Amino acid sequence: MSPSWVATEAMLELDPKKVAPMLVQLGCHLELRQIARSVLRDLFEDGGKASDDDDEGSRQHALFPDLQWRYPKVRTAGKNEEPVYVRLEELSAADIAFNVARLRSEALAKLAHADALERYGRVVRKKGGPHAAPHPAAAP
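The opening position of the sequence shown corresponds to residue 209 in our numbering, with each subsequent residue numbered one higher.
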C-alpha cells in the first residue's frame with residue numbers, strides 16, 4: 209500500500225471540494241504521507257506488532273547517534289515512484305552513496321540560501337531599511 213495513495217484519500221476526505229490553497233494542499237499531503245508511512249510501517253512490518261524497541265523517534269544508533277534509523281533506497285532514474293525507506297543496516301553501498309549525495313546537495317542548497325539571505329540583510333542595512341538593525345544572535 210502506498211503512503212501517497214493513503215495521503216491522497218485522506219485529503220479527499222478532509223477537503224473534497226479542494227477549497228484550500230494549493231500550498232496548503234501540498235503541505236498537508238506531505239505531512240499525511242509521513243504519517244501514513246509511519247502507520248503503514250507499524251501495520252505491515254513485524255506482522256503488525258509495533259514494538260517498543262522499534263521507536264525510531266526516541267532511539268539513537270549506538271555508534272552513530274547522528275544517523276536516522278531509515279533512509280530511502282536508490283530510485284530508478286526517470287521514474288516518479290514513491291520512495292522506499294529501509295533500515296540503516298539494510299542499506300546497500302549504492303543506497304548509502306545516493307543518500308550521501310542527496311544530503312550534500314540539500315546542504316549546499318541551504319548554504320546558498322543562507323548566503324543569499326545574508327547578502328540581502330547587508331544590502332537592506334546599508335540602505336537603512338525599517339528593520340536594518342542586525343539581530344543580536346546574528347554573527348557580525
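The C-beta atom is built at its ideal place from N, Cα and C for all residues, glycine as well. Since the structure is predicted, the reported quantities are computational estimates derived from the model, not experimental observations.
Taking a contact to mean a Cβ-Cβ separation below 8 angstroms, would you say residue i touches residue j in this structure?
{"i": "proline 211", "j": "arginine 241", "result": "yes"}
{"i": "lysine 225", "j": "glutamine 233", "result": "no"}
{"i": "valine 282", "j": "alanine 244", "result": "no"}
{"i": "methionine 209", "j": "leucine 248", "result": "yes"}
{"i": "leucine 316", "j": "leucine 296", "result": "no"}
Output the distance between the C-alpha atoms of residue i and residue j, rounded to the nearest integer angstrom.
{"i": "leucine 325", "j": "arginine 333", "result": "12 angstroms"}
{"i": "glutamate 298", "j": "glycine 336", "result": "55 angstroms"}
{"i": "aspartate 323", "j": "alanine 302", "result": "31 angstroms"}
{"i": "leucine 231", "j": "histidine 237", "result": "10 angstroms"}
{"i": "glycine 235", "j": "serine 313", "result": "22 angstroms"}
{"i": "valine 294", "j": "valine 331", "result": "45 angstroms"}
{"i": "isoleucine 304", "j": "arginine 278", "result": "11 angstroms"}
{"i": "glycine 329", "j": "leucine 251", "result": "48 angstroms"}
{"i": "lysine 318", "j": "leucine 311", "result": "11 angstroms"}
{"i": "leucine 271", "j": "asparagine 288", "result": "34 angstroms"}
{"i": "proline 229", "j": "leucine 222", "result": "13 angstroms"}
{"i": "valine 292", "j": "arginine 327", "result": "38 angstroms"}
Identify whether residue i lies in helix, strand or coil by the three-state DSSP scheme.
{"i": "arginine 327", "result": "helix"}
{"i": "arginine 245", "result": "helix"}
{"i": "valine 282", "result": "coil"}
{"i": "valine 292", "result": "coil"}
{"i": "glutamine 233", "result": "helix"}
{"i": "serine 313", "result": "helix"}
{"i": "serine 210", "result": "coil"}
{"i": "valine 332", "result": "helix"}
{"i": "lysine 226", "result": "coil"}
{"i": "leucine 271", "result": "coil"}
{"i": "leucine 240", "result": "helix"}
{"i": "lysine 287", "result": "coil"}
{"i": "leucine 299", "result": "coil"}
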